[in-house]
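**Q** The structure under discussion is supplied below as C-alpha cells; questions concerning it will follow.
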Amino acid sequence: MDKQALQQHLSEIAENEVFETMNLMPEIRAALERTAPPKPKHVWRLANVAAATAIFAFSAAAVYAVYQEIRGGDPGLEAVNADNQIIFFDETHTVEGGEPYDLAVTLDYAYADANRITASVTANGMAPQSDQIAVYLNPTLTDDAGNQYVWLPVGGGGGGGGGSNSDELVPFSTGLTANFDASLLTDVPEELNLHLLVEVAYTTADDPMGMIFLGATTFDFTLPLNPGRVMDTPQTAEADSMDMTLQKVVVAPSLTRIELCYETTPENANWVPFGRLEIGGEVVTEGQFATAGIGGQPIESWRPVQSDHYSGCTARWGRRMAADY
C-alpha cells in the first residue's frame, strides 16, 4: 500500500472512531507527514493496527472518552463529561428476586455538584417474548448523614422488552438517569458517601396497569462534590406591581440555581417563571424555568408554592453557565 492510500485509510479510521469535538486531525496529519521506514509486505496487517494505535495514543483521555458515553439530551451533563468530571463506575449487581428474568442492574456513572447529584443506571435481563414486559426503575438516594435527596424535573430514560407470542427468551434493557436536588446541603463537603437504592418493577401486556415488584439492590459509592459559586446578597425588583426578591444564585458546572421569592399572586392566577440569563451582555439561555422546592424540599407538582406572605420557587437551567471551575 502506497503512502497516499495509507493516509486515506488512517484518516477514515480517525473520522469514524473519534467524536467531532475531539480534534485529532492535526496530529494525524503531522504523523502521516513523517516518512516511516518500509516494512515487509507480510507484516502489513500488524503494521496497520500499530499505526492506528499510535495515532490514537496522542490523546489517551480523548480516546477513553469516546467509549465512556452518557445519555444525551442534558447540556449540563454533557459539559461536565467533556471536562472529565463524571465518574464512571460500571458496577453490576444481580437482583435478589429477579432470578426468573436473570435481572442485573448496573450503576453506569454519577456526578455531584452543589445543585444536583446525578446517577445513571441500567437494568438488563431475559424474558420470554410472550411476556411482553416493560421494566421500570425507581431510585432513592441517601447519604451517610441521613439526608434523602428529592428528584429534580430533568433527565430521563428508556428501554423495553419483548413483543410476540413466542416463548423464546429475548433480552430486555431499560436505563434511567436520575437527578437529585443537592440544595439541601447547607455545608458543602468535599465529597459525599452515597447510597443508591434501585427498585425494579414491571408490567405485562396482559395487565399494563398492574405493576409487579421484581427486586431491589443498593449501590454504595463516593463522589467528589463541586461547590460551585454563590451569590447570596438579596436583590428586590418590581414587576407589574409585584415585588420579586432574588435571594440566592448558585452557579455550578452542570446547573444554575436561582432562589426567587415573590408576593402572593392574585387569586386564581397562575404564575409561570420565565427568564433570560446574560453574561457580559451575551444571552446565555432563556426560557421557562424548571422549578423545585427551596432548600431541597419536595413540593406538590413542579410549580411555585404560594403562602400568605411569599411564594418561593427554585429556578434551574440545565446548562453550563461558566467556563472555569
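Going by this note's numbering, the first residue of the sequence shown is number -12, and it counts up by one from there.
Here a beta-carbon is modelled for each residue, glycine too, at the ideal position from N, C-alpha and C.
Nothing here was measured: the structure is a model prediction, and the numbers come from that model.
1) With DSSP collapsed to three states, give me the class of leucine 128.
2) Using C-beta distances below 7 Å, list every residue in its chain close to glutamate 265, excluding the 5 sequence neighbours before and after it, in chain order.
3) Can you tell which of Gly262, Phe75, Leu90 has its C-alpha closest to the C-alpha of alanine 106?
4) Rounded to the nearest angstrom, what separates valine 217 and histidine 182 at their Cα positions?
5) Identify the continuous beta strand (DSSP E) that holds alanine 211 and give its terminal residues.
6) For the alpha helix (DSSP H) that glutamate 65 lies in, which residues bound it at each end?
7) So the beta strand (DSSP E) valine 232 belongs to, where does it begin and stop?
8) Where does isoleucine 73 land, buried or exposed, given buried means 16+ other C-beta within 10 angstroms?
9) Is the CB-CB distance between alanine 114 and leucine 156 below 9 Å?
10) Rounded to a whole number of angstroms, what is the C-alpha to C-alpha distance between alanine 121 and tyrosine 189?
11) Out of Asp194, Asn134, Thr220, which has the shortest C-alpha to C-alpha gap to leucine 179?
12) For asparagine 125, which residues from the same chain have a beta carbon less than 6 Å from its beta carbon, with the 5 sequence-adjacent residues on both sides left out?
13) Please name the residue, chosen from Gly262, Pro211, Leu242, that lies closest to alanine 66 on a Cα-to-Cα basis.
14) Short of 6 Å in beta carbon distance, which residues of its chain neighbour glutamate 273, apart from the five on each side in sequence? Order them along the chain.
15) Determine the extent of the beta strand (DSSP E) in which aspartate 77 is found, giving its start and end residues.
16) Please report how far the alpha carbon of aspartate 77 lies from the alpha carbon of alanine 110, in whole angstroms.
17) Can you give me the C-alpha to C-alpha distance between valine 237 and aspartate 219, rounded to a whole angstrom?
18) Below 8 Å on the Cβ atoms is my guess for phenylalanine 167 versus leucine 139; work out the distance and round it to an integer in Å.
19) Any idea what DSSP makes of serine 46, helix, strand or coil?
20) How many angstroms separate the CA atom of glutamine 234 from the CA atom of aspartate 70?
21) Thinking C-alpha only, which one of Ala239, Cys248, Leu94 is nearest alanine 169?
22) For the beta strand (DSSP E) that contains isoleucine 266, what are its first and last residues?
23) Does the Cβ of glycine 84 have 16 or more other Cβ atoms within 10 Å, making it buried, or fewer, making it exposed?
24) Run through DSSP, which three-state label would glutamate 155 get?
25) Just to confirm my understanding: we take threonine 191, look at its own chain, exclude 5 residues before and 5 after, and list those with CB closer than 7 Å. What are they?
26) Check the DSSP bridge columns for proline 115 and list the partner residues they point to.
27) If you drop the 5 nearest sequence neighbours on each side, which residues of the same chain put their C-beta closer than 6 Å to that of methionine 231?
28) How would you call phenylalanine 261, buried or exposed, if buried means at least 16 neighbouring beta carbons within 10 angstroms?
29) Using the C-alpha atoms, what's the distance from valine 175 back to tyrosine 136?
30) In the DSSP assignment, find the unbroken beta strand (DSSP E) run with alanine 333 in it and report its ends.
**A** The short version:
1) strand
2) Val271
3) Phe75
4) 27 Å
5) Contrary to the premise, residue 211 reads as proline rather than alanine in this sequence. That run of the beta strand (DSSP E) goes 194 to 211.
6) Counting along the chain, the alpha helix (DSSP H) containing glutamate 65 begins and ends at 62 to 69.
7) A small fix is needed here, since residue 232 is threonine in this sequence, not valine. It spans 229 to 238 - the beta strand (DSSP E) in which threonine 232 sits, taken as one unbroken run.
8) buried
9) Pairing alanine 114 with leucine 156 gives a Cβ-Cβ distance under 9 Å.
10) 5 Å
11) Asn134
12) Glu186
13) For alanine 66, the nearest C-alpha among the options comes from Leu242.
14) Arg263
15) 74 to 81
16) 12 Å
17) 8 Å
18) Taking 8 Å as the upper bound for CB-CB distance, phenylalanine 167 and leucine 139 are in contact here, some 6 Å apart.
19) Its pLDDT being 34, under 50, serine 46 is placed unreliably in this model, and the value from its coordinates should be taken loosely. DSSP places serine 46 in helix when its eight states are reduced to three.
20) 30 Å
21) Ala239
22) 261 to 266
23) That one is exposed.
24) Correct three-state label for glutamate 155: coil.
25) Around threonine 191, the same chain offers Asp118, Gln119, Ile120 as residues with beta carbons nearer than 7 Å, after the five sequence neighbours per side are excluded.
26) Per DSSP, Leu156.
27) Ala224, Tyr249
28) Phenylalanine 261 sits exposed, since fewer than 16 C-beta atoms from the chains shown fall within 10 Å of its C-beta.
29) 14 Å
30) Any question about residue 333 goes unanswered here, given that the chain covers just -12 to 312.
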